[in-house]
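Numbering follows my numbering, with no gaps: position 49 of the sequence shown is 66.
Note that CB positions come from ideal geometry on N, CA and C, so glycine has one too.
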Amino acid sequence: MALEKYHRANALRAANGRSRRRAYSFGWLWDWAKVLPPTVLLFLILRTFVVEAYKIPSGSMERTLLVGDFLLVNKWLYGAEVPYSRRRLPAVRAPQLGDILVFEWPADPTKSFVKRLVGRPGDTLSMQGGSLLRNGVLLREQYVSHAEPNVDPVTDEFRWQRGYLTNTAAAANVTTTTNTNTNAGMPPIYRPSRDNWGPIVVPPKHLFVLGDNRDNSLDSRYWGFVPDSLLRGTPWIVYYSFTPDSTSRASWLTRIRWGRLGSVVR
């Protein structure tokens, strides 16, 4: 009888040991299986409708945003787009003049640009000597920088502006006429440059954007207005930043801009 109890106790201990080992081996996996799906779902919802990461690849927004800045973009403010549809969620507010916008580039929607909003529908815009005028008022833009103030290139990319010119004397300041017999009676030719153009009027449901680094920015001066349907959001915070250095093997780690981490974008 005692021997039978002894064997029964050993069998019970062995069974309990196997149960504990089994629970130890697979319990953590089951816990992860329960937590992982809702975590992934929450991440996808936040990324789609609330916030998204974005990296600054060029210097078009210096001094405001630097190459190597990593941003969190607020997608909720202007109404996030519902995936696989042309519908958007209700916006908290409309874009305001001076807002920094992240949007799909109209020339290639697979690329995202970040610029500052300077003109809304109905605004009349022009530039004289690199200074921006909105509705005839000269703007004091403290955030603007000029890397090449003594250069004012003329390019065929500005030709699109002709269809949006206002019929004012200001437009004549950026036109030329040739006083020759062969061209007598010909209308003036609009010849805009990087720093001298307009006045042009922003059409409905479109926006006009410029880079803060006015002398080194591919913006609305070159390729036109931004349809408001291409808006993706506005930068909220710099969550990481480093100074790119092609000679360093790990500049992302050794050249961190500690003073920019956590700074709010304005």
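If serine 143 sits next to glycine 215, beta carbons under 8 Å apart, how far is it from one beta carbon to the other, in whole angstroms?
-> Yes, serine 143 and glycine 215 are in contact; Cβ-Cβ is about 3 Å, under 8 Å.
What are the start and end residues of the beta strand (DSSP E) that includes serine 265?
-> Segment: none, serine 265 is in no beta strand (DSSP E) and carries neither H nor E.
Shortest alpha-carbon distance to arginine 179 belongs to which of Gly76, Arg137, Arg238?
-> Ranking Gly76, Arg137, Arg238 by Cα distance to arginine 179 puts Arg238 first.
Are the beta-carbon atoms of arginine 151 and methionine 78 separated by less than 9 Å?
-> No, Cβ-Cβ distance for arginine 151 and methionine 78 is not below 9 Å.
Excluding the 5 residues preceding and the 5 following leucine 155 in the sequence, name in chain order all residues of the same chain whose CB lies nearer than 7 Å to its CB.
-> Apart from sequence neighbours up to five positions away, the residues of its chain that approach leucine 155 with a beta-carbon distance below 7 Å are Ser148, ordered along the chain.
From alanine 164 to arginine 80, what does the alpha carbon distance come to, in whole angstroms?
-> Cα to Cα, alanine 164 sits roughly 11 Å from arginine 80.
Pairwise C-alpha distance: proline 74 and alanine 251 | Reading off the sequence shown, one finds threonine at residue 251, where the question assumed alanine. Each residue's CA atom was taken as its position, placing threonine 251 and proline 74 some 16 Å apart.
Extent of the continuous beta strand (DSSP E) run through serine 237 = No beta strand (DSSP E) holds serine 237; the alpha helix (DSSP H) holding it covers 237 to 240.
Taking 8 Å as the threshold, find out whether the segment 239 to 248 comes into contact with the segment 113 to 132 through three or more Cβ pairs.
-> The answer is yes - the segment 113 to 132 touches the segment 239 to 248, with three or more Cβ pairs under 8 Å.
Start and end of the beta strand (DSSP E) containing aspartate 125?
-> Membership of aspartate 125 in the beta strand (DSSP E) is indicated by the continuous run 125 to 136.
Inter-residue spacing [alpha-carbon to alpha-carbon] between aspartate 116 and valine 281 = Their Cα atoms are separated by approximately 13 Å.
Taking the CB atoms as reference points, tell me whether serine 258 and leucine 83 lie closer together than 9 Å.
-> Yes, the pair counts as a contact, with Cβ atoms nearer than the cut-off.
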